[in-house]
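J.:
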Amino acid sequence: MRRNTSVRPGELDLRPLSARSVVLSLLLGAHPPEMPVKDLVRAVEPFGVGGSTLRAALSRMVSAGDLRRADTVYGLSDRLLARQRRQDDAVHPSTRAWSGDWEMVVITATGRGPAERAELRARLTALRLAELREGVWLRPANLLRRLPDDLDPVAQGYTARPDRPGPELAAALWPLDAWAADSRALLAHVARADRPADRLTGFAAVVRHLLADPVLPPGLLPPDWPGARLRSAYAAYQRELADTVPQHHLRA
Numbered sequence: 418m419r420r421n422t423s424v425r426p427g428e429l430d431l432r433p434l435s436a437r438s439v440v441l442s443l444l445l446g447a448h449p450p451e452m453p454v455k456d457l458v459r460a461v462e463p464f465g466v467g468g469s470t471l472r473a474a475l476s477r478m479v480s481a482g483d484l485r486r487a488d489t490v491y492g493l494s495d496r497l498l499a500r501q502r503r504q505d506d507a508v509h510p511s512t513r514a515w516s517g518d519w520e521m522v523v524i525t526a527t528g529r530g531p532a533e534r535a536e537l538r539a540r541l542t543a544l545r546l547a548e549l550r551e552g553v554w555l556r557p558a559n560l561l562r563r564l565p566d567d568l569d570p571v572a573q574g575y576t577a578r579p580d581r582p583g584p585e586l587a588a589a590l591w592p593l594d595a596w597a598a599d600s601r602a603l604l605a606h607v608a609r610a611d612r613p614a615d616r617l618t619g620f621a622a623v624v625r626h627l628l629a630d631p632v633l634p635p636g637l638l639p640p641d642w643p644g645a646r647l648r649s650a651y652a653a654y655q656r657e658l659a660d661t662v663p664q665h666h667l668r669a
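The opening residue of the sequence shown carries number 418 in the numbering used here; numbering runs sequentially from there.
1. How far does the beta strand (DSSP E) with V576 in it extend, from its first residue to its last?
2. In this structure, how does DSSP classify R529 when only helix, strand and coil are distinguished?
3. When the Cα of P463 is compared with those of R529, A588, A589, L443, which residue comes out closest?
4. Mapping DSSP to helix, strand and coil, what is L658?
5. Residues in its own chain within less than 6 Å of W515 by CB, not counting five upstream and five downstream?
6. What do you get for P631, buried or exposed, if any count of 16 or more other CB atoms within 10 angstroms of its CB means buried?
7. Let me know if E690 comes out buried or exposed under the rule of 16 or more other beta-carbons within 10 Å of its beta-carbon.
8. Taking DSSP's pairing of strands, which residues face P453 in a bridge?
9. Under the three-state reduction of DSSP, which class applies to P631: helix, strand or coil?
10. P640 by DSSP, collapsed to three states: which one?
11. Looking only at its own chain, which residues have a Cβ that is under 7 Å from the Cβ of G465, when we skip the five neighbours before and after it?
12. State buried or exposed for R545, treating a residue as buried only when at least 16 other CB atoms are found within 10 Å of its CB.
13. Spatial neighbours of V458 within its chain, please: C-beta separation below 8 Å, excluding the five flanking residues on both sides.
14. In three-state terms, what does DSSP make of E551?
15. Can you say whether H448 is buried or exposed, counting buried as having 16 or more other CB atoms within 10 angstroms of its CB?
16. Can you say whether D599 is buried or exposed, counting buried as having 16 or more other CB atoms within 10 angstroms of its CB?
17. Relative to the C-alpha of R648, which candidate in P639, A621, E533, V523 has its C-alpha closest?
18. Going by C-alpha to C-alpha distance, which of D569, R503, P565, A543 sits closest to T525?
19. Is the number of C-beta pairs between the segment 572-592 and the segment 517-535 that are closer than 8 Å three or more?
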């Protein structure tokens, strides 16, 4: 979700989607993530994107490496296929019963430049880890996934049992109240949005917001956590799109 310094938790700063963002929002939700140009023309029309604008955007997106083209069919590039996998995981996270263990990742590499450090921080954040202190990252061990092998040269993984109470530690690691407030604001926005463009803009923000959900065990969450409601609303929108967008096989 886009924010600026004047936006507080629960206040949305949603801007209309560009033609590029409309195309990406549709293809990132499509399985398989590709569409013939004639169907794309029809698909983007309800969102205020004309045919000439679409074709210009498609040309730029192919040149930028966002899309690949085979004859008249456009699909996501490998880079954006990886983004789709992260998005799918955010919408449908794979979890297991939590035993009380925490994943701990300790950064062991030294001498890295600012760009390398920033990239590693972004990767660990995308893995839903949070930084306890510089170089020490934690999360409850409730996700059905293993850490990527290519982290081995720069970090070591451990299983930990912190002495600090779990709910207290989770609240210190993640801005849970702010995430929940933004979720409720998004739910209110999409409930009252009736124009197709406004609904797509709202649900694109929902997906971005779900990427920041730490997916914690229920016992570590504040009361009335809105994560399940947000995912349910997005699943209903996926079904809505599947009924209206041609050749757009969306997973609910």
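In this text, a Cβ means the ideal position worked out from N, Cα and C, and glycines have one as well.
T.: This is what the structure holds:
1. The sequence shown places Thr at residue 576, not Val. Segment 572-577, the beta strand (DSSP E) holding T576.
2. coil
3. L443
4. helix
5. P557, N559, P634
6. buried
7. This structure cannot settle anything about residue 690, because the visible part of the chain is limited to 418 through 669.
8. V490
9. coil
10. coil
11. A614
12. buried
13. G468, L471
14. coil
15. exposed
16. buried
17. A621
18. D569
19. yes
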